[in-house]
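Trainee: In UniProt numbering, the protein residues as written are 1 to 483. C-beta atoms are modelled at their ideal positions from N, C-alpha and C, and glycine is treated no differently. Structure below; questions to follow.
What follows is the structure in structure tokens.
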């Protein structure tokens with residue numbers, strides 16, 4: 001059976017060779033750009049490429065050690081050491097979300113309320129009662145968990161739309177850089193066409209980045225305080241200015257496709273390029289909505305207020321906890337029911353009740369802070385300034401935010417790639433080693449080079465400076481001056 005398979009493959013290789021000999025007998029158009037056999041079919045010819053692999057060779061290639069195998073493998077942690085490190089990491093995250101000014105205020109209120117109801121007596125009895133936690137579950141816990149799930153789904157949607165935006169933009173650029181038609185139809189494209197397309201796409205990506213990392217102006221404080229409304233007005237003007245420039249970029253991208261059609265690209269292929277533009281535009285609008293609109297403000301306000309005041313009303317519950325543990329006269333016990341405990345034990349029990357009150361309040365506040373940090377998936381605490389901050393320092397607010405700058409920087413790097421040794425005056429195009437089609441496939445010899453242009457370092461806020469948001473006419477001028 002194996003011999004039959006080998007014979008079959010050899011016959012197939014001979015047939016391919018015979019077909020190629022027939023093709024070589026024909027005219028070669030003196031080196032003109034012409035498409036004969038596809039690159040994919042060339043991979044099947046044993047004599048034309050070194051990529052041919054049988055099943056055994058393919059599996060061996062798959063089993064080759066990866067970059068994390070062997071000497072580069074990450075250090076393996078023992079069970080005990082791994083558990084300790086996991087707890088250390090968890091406490092660091094705990095500190096990030098709970099060591100805040102709000103947590104200090106809530107802790108002080110919780111301790112004060114517990115001490116008041118545990119130590120203050122009326123008629124020799126402690127003010128203690130076993131309250132139900134149904135109201136807390138209904139008014140705080142349920143809204144918090146629901147909004148937390150909603151905020152997490154917003155983050156997942158942001159990742160989905162960001163992936164769509166990146167793939168659409170890079171596909172759009174690759175179409176302008178690589179796609180050809182007819183007998184070398186790319187030769188009719190304007191000179192430096194790919195450079196101009198790169199200029200426009202990088203400008204679009206930079207402005208999308210600037211919009212998504214703009215200061216947050218949709219918090220409760222921005223709509224319900226005087227200083228917040230001032231920040232809201234300025235932030236909205238900034239976002240509207242950037243969003244308008246993004247729309248202008250998409251208008252210009254539409255014209256780039258028309259340039260391909262003017263040079264002879266068939267309508268079916270140009271419509272596919274327009275589909276890339278449509279998908280990128282749709283992803284941008286989705287991300288813009290995620291940045292601009294949030295979960296209901298009322299639920300956020302209710303949760304914050306209830307977390308702040310609930311320890312005051314639940315102080316009697318922790319006083320009852322003290323009474324149940326001590327079994328003292330202040331707790332309503334008498335006779336043989338009273339425990340004879342030393343003073344330091346009583347103090348430890350009160351301290352325990354205070355700790356329980358603080359832990360309960362911090363648990364609620366922790367959920368609120370996690371939801372708060374996920375509210376804006378692109379949130380950052382500082383605006384980007386090359387003179388003051390690096391890309392690595394921009395995202396310091398939350399550990400679950402989308403690293404929008406890193407992701408879009410990868411996209412910009414991909415937009416700066418061209419094939420080496422191309423022959424098209426428009427820029428881009430396939431390597432000269434591929435067309436006219438060589439007798440032996442050169443796919444393994446293709447190399448890429450990174451092209452640096454001043455556009456990469458350019459600040460797309462208008463020649464390096466932010467536009468004057470107080471004068472509407474300067475916004476359009478700053479956008480047009482960038483080109």
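(1) Compare the C-alpha of residue 221 against each of 230, 214, 213 and name the closest.
(2) Less than 6 Å between C-beta atoms, sequence neighbours within five positions excluded: which residues of the same chain meet that for residue 299?
(3) Would you please state the rounded distance, in angstroms, between the beta carbons of residue 404 and residue 213? I believe it to be under 8 Å.
(4) From which residue to which residue does the alpha helix (DSSP H) around residue 321 run?
(5) Would residue 421 pass as a contact of residue 432 if the rule is Cβ separation under 7 Å?
(6) Look at the alpha carbon of residue 23 and the alpha carbon of residue 266, and state the distance between them as a whole number of angstroms.
(7) If we ignore side chains and look at the alpha-carbon of each, how far apart do residue 145 and residue 95 end up?
(8) For residue 313 versus residue 281, is the C-beta distance shorter than 7 Å?
(9) Helix, strand or coil: which one does DSSP assign to residue 32?
(10) Going along the chain, which residues of its own chain have a beta-carbon closer than 7 Å to the beta-carbon of residue 263, five neighbours each way excluded?
(11) Could you work out which residue in 318, 126, 339, 368 is closest to residue 295 when comparing CA atoms only?
(12) Could you spell out where the alpha helix (DSSP H) holding residue 367 opens and where it closes?
(13) Note down the Cα distance separating residue 484 from residue 203, rounded to an integer number of angstroms.
(14) Can you tell me whether residue 418 is helix, strand or coil according to DSSP?
(15) So residue 291 and residue 376 are in contact, right, with Cβ under 8 Å, and what is the actual spacing, rounded?
(16) Should the region 327–337 be regarded as contacting the region 114–127, the criterion being three or more beta carbon pairs within less than 8 Å?
(17) Could you tell me the distance, in whole angstroms, from the CA atom of residue 176 to the CA atom of residue 428?
(18) With 16 as the cutoff for other CB atoms within 10 Å, does residue 155 come out buried or exposed?
(19) Please work out which residues of its chain come closer than 6 Å, Cβ to Cβ, to residue 81, disregarding the five sequence neighbours upstream and downstream, and give them in chain order.
(20) Would you list, in sequence order, the uninterrupted beta strand (DSSP E) runs of no fewer than 3 residues that lie entirely inside the region 405–450?
(21) Go ahead and pull the three-state DSSP assignment for residue 329.
(22) By how many angstroms is the C-alpha of residue 293 removed from the C-alpha of residue 355?
(23) Does the separation of the CB atoms of residue 164 and residue 89 fall below 7 Å?
(24) Could you have a look at residue 219 and say whether DSSP puts it in helix, strand or coil?
(25) With 16 as the cutoff for other CB atoms within 10 Å, does residue 342 come out buried or exposed?
(26) Could you tell me the boundaries of the alpha helix (DSSP H) in which residue 138 lies?
(27) Take residue 426 as the anchor and find which of 256, 118, 133 has the nearest alpha-carbon.
(28) What does residue 122 pair with, by DSSP beta-bridge criteria?
(29) Of the choices 56, 353, 373, whose alpha-carbon is the least far from that of residue 488?
(30) My parser needs the beta strand (DSSP E) runs of 3 or more residues fully inside the region 261–286; what are they?
(31) Consult DSSP for residue 56 and reduce its assignment to one of helix, strand or coil.
Mentor: Let's see:
(1) 230
(2) 143, 147
(3) 6 Å
(4) 315–326
(5) yes
(6) Confidence at residue 23 is low in this model, with a pLDDT of 44, below 50, so the placement of that residue should be treated as unreliable; the coordinate-derived value is given next. If I take the Cα positions, the gap works out to 27 Å.
(7) 21 Å
(8) no
(9) Bear in mind that the predicted position of residue 32 carries a pLDDT of just 43, short of 50, making it unreliable; the figure below should be weighed with that in mind. Note: residue 32 maps to coil in three-state DSSP.
(10) 185, 188, 189
(11) 368
(12) 343–374
(13) No answer is possible for residue 484: it lies beyond the span of the chain, which begins at 1 and ends at 483.
(14) strand
(15) 7 Å
(16) yes
(17) 8 Å
(18) buried
(19) none
(20) 417–419, 448–450
(21) helix
(22) 38 Å
(23) no
(24) coil
(25) exposed
(26) Here residue 138 belongs to no alpha helix (DSSP H), and DSSP marks it neither H nor E.
(27) 256
(28) 125
(29) Residue numbering for the chain in the displayed model covers 1 to 483; residue 488 lies beyond these limits and cannot be assessed.
(30) none
(31) helix
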